[in-house]
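Residue numbering for the sequence shown follows my numbering, beginning at 17 and increasing consecutively.
All C-beta atoms in this analysis are idealised placements derived from N, C-alpha and C, irrespective of residue type, glycine included.
In this text, all values refer to a predicted model and were calculated from it rather than measured experimentally.
Take a look at the structure set out below.
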Amino acid sequence: MKTKKTFYITTPIYYPSGNLHIGHVLTTTLAWVYRNYKKMLGYDTFFSVGIDEHGQKIQKKALSLNLEPKKYVDNEAQKFIDLWNLLQIDYDYFSRTTNEEHERIVNLVFNKMLEKGYIYKGYYEGLYSVDDEEFLTISQALKKDDGNFYHPISGHLLKEIKEESYFFKMSKLEKWIKEFFLSNPNFLSNKSTTKELLNNFINKGLEDLSITRVSFDWGIKISKTNIKEPQHVIYVWLDALFSYLSTLNYSEEDDSLYEKYWANGDERIHVLGKEIARFHAIYWPIFLKSLDLNLPTKEIIHSWIITPEGKMSKSKGNVIEPIPLIKKYGAEEIKYFFATQINIDNDFSYSEEMLINVLNADLSNNFGNLLNRVAKMVNQSFPNGTKFDQENILEIDKKIFEKIETLKKNFDFEMSNYYIDKAFKYVVEFSSNLNEYIDKTEPWKLKNDLTRLNVVLNTLLLGIYQIASYFSIILPSKMSKVFAFLNVKNNQKFSFDMFDNKKIVVTEILFPRIAK
Ligand code: MSP
């Protein structure tokens, strides 16, 4: 029997051909933070990451290095595993589309679509972006003066291709997807993406989608399905999207994860960048509907990290590598920066200077300083700890307790809308409020009034505890040190007497100031 609500969350499975960059770090960090928050609320969670290993782009890259594609992706997979290790991202499953189980599931899905009459054979003539693994019509493409067609968003060169292909009948579910979008305006976190997909694709009428390719062979071959035509490989996006189900062992003998987190799951969430919204928000729900499977309950679409050259991407040569940053500033610090500074609805222009400023301002000057000041004062005047003293609480102290209650409400409200940035602005603001409270109550002048000093310091400890609880969603290892300094258990339930007679021992500066 299921006792807890479930929460399944995925990142996109990244192409292993590109250089690692801070865009990967951003998406994975967001998903990891949402998972941590839900876990804190008591959900039963499952968090998956992975890589997208098939397709023409990967084959081309492997070939350019004179490597067998499988050998190539095996090497590249390790890069991502190492990155998530270094960044201290703990996940439940690392999905690889070259896994046998995944290939079996994609075959099965293809057969089911065939049986249900969604697939027919035809001939594709049109444009294709190998870098985006995306088909485009002439009206969607951008024609430049050089006579070539380009992808309107990524700017990649498009190839004209003419080849035999199997197609998926999008038209069969066109009306359905339109109604689905209209009756679920909050399916995508981002309103403007919803509008764009409706105006530019759904309302214009969906073209049937080419779902097999014959001009290369690095992919799942349909010869393993009920159609025995070895020259056809399954379109990489059809293959990749179903990784979200193969991760949960959909249709395996033991499909208990699928049953728990997808078929009977409470929340099924995908996190992704806006450039792949079309695949996730139109094709994926249509594929699932064609098989009568549950849809995701929500898709969180985030904006891009940009530089003056535009979206950060390999082809623009403006990629910022994550590993040196993590080594220089720390895994939790980097996650703190990306999770709290980016508003998922707006593009974000990154600079290292800003990273340093945020870490210094929020963690070192604000919270770190607060913790150190309070610990020092408690130690000096109350080596055996303070006590909650309800009778001597003044108006100014009450205000702090009220602020804790307001913080809880605001934090949960923003997180329920997936705005980590706004939720943590409230946390940092409350930390500033506590520093201001110190300035106003002037505890250093209260050495002869221990009753008052006790109330002030005890109030501060309770406030610090609330901040540390929220920070532990992003900074779990730093905060477990804070909880140890404060002599309380990790995420102990808040109670007014929790600091009664607790010695406070700070043994380390957790957030040293970073010199510019
Ligand atoms: N393989 C597909 C996804 C298949 S999911 C079934 C793919 N891979 S990718 O390697 O190109 O990764 C794209 C994702 O990386 C984006 O959706 C986003 O999550 C992240 N980002 C890549 N560049 C980024 C920025 N410049 N800014 C923010 N996120 C970025 O697409």
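Proximity of the stretch 257-268 to the stretch 197-213 falls short of the contact definition, fewer than three beta-carbon pairs being nearer than 8 Å. Distances taken from the Cβ of D68 to the heavy atoms of ligand 1 include one shorter than 6 Å.
DSSP places F63 within a strand segment (E or B) once states are collapsed to three. For Y139, the number of other beta carbons within 10 angstroms of its own is below 16, and it is reported as exposed. Not one heavy atom of ligand 1 sits closer than 6 Å to the Cβ of P246.
Between the alpha carbons of K132 and S306 lies a gap of roughly 8 Å.
Cβ contact annotation for K21 (same chain, cutoff 6 Å, sequence separation greater than five): Y59, D282, in chain order. Listed as beta-bridge partners of S111 by DSSP are G66. The stretch 161-172 and the stretch 117-129 do not touch, with fewer than 3 CB-CB distances between them shorter than 8 Å.
Distances from the CB of P301 to the heavy atoms of ligand 1 are all 6 Å or more. The straight-line gap separating the alpha-carbon atoms of T43 and T27 is approximately 7 Å. Distances taken from the Cβ of K327 to the heavy atoms of ligand 1 include one shorter than 6 Å. Relative to ligand 1, Y442 has its C-beta separated by 6 Å or more from all heavy atoms. Contact annotation, V498 with A484: C-beta distance approximately 5 Å; criterion of less than 8 Å satisfied. One Cα belongs to L478, the other to Y274, and the distance between them is close to 42 Å. Taking C-alpha positions only, E315 is separated from Y24 by approximately 12 Å. Separation of N507 and K237 (C-alpha to C-alpha, rounded to the nearest whole angstrom) is 50 Å. Distance from the C-beta of P201 to the nearest heavy atom of ligand 1 is not below 6 Å. For T209, the uninterrupted alpha helix (DSSP H) segment begins and ends at 207-213. Taking a contact as a CB-CB distance under 8 Å, the pair W253 and K290 does not count as one, their CB atoms being some 16 Å apart. Here the C-alpha atom of I358 lies approximately 14 Å from the C-alpha atom of I490. DSSP links K327 through a beta bridge to I322.
In this structure, I336 keeps its C-beta atom at 7 Å or more from the C-beta atom of I525. With fewer than 16 other beta carbons inside 10 angstroms of its own, I97 counts as exposed. For ligand 1, no non-hydrogen atom lies closer than 6 Å to the CB of T153. Under a 10 Å Cβ-count criterion, G333 is classified as exposed, with fewer than 16 other Cβ atoms of the shown protein chains found around its own Cβ.
Within 6 Å of the C-beta of P312 there is not a single heavy atom belonging to ligand 1. For I292, the shortest C-beta to heavy atom distance toward ligand 1 is below 6 Å. Distances taken from the Cβ of L42 to the heavy atoms of ligand 1 include one shorter than 6 Å. Boundaries around F184 are those of the beta strand (DSSP E), 175-184, since no alpha helix (DSSP H) includes it. A distance below 7 Å separates the beta carbons of L476 and L450. In this structure, N206 places its C-beta atom within 7 Å of the C-beta atom of I317.
Here the stretch 458-469 lies against the stretch 385-400, with 3 or more beta-carbon pairs under 8 Å apart. Counting only runs that start and end inside the stretch 301-382, the beta strand (DSSP E) elements of at least 3 residues fall at 314-318, 321-323. L371 and D363 have their C-alpha atoms some 16 Å from each other.
Within the same chain, and ignoring the five residues on either side of D437 in sequence, the residues whose Cβ sits closer than 7 Å to its Cβ are T356, Q357, I358, N359.
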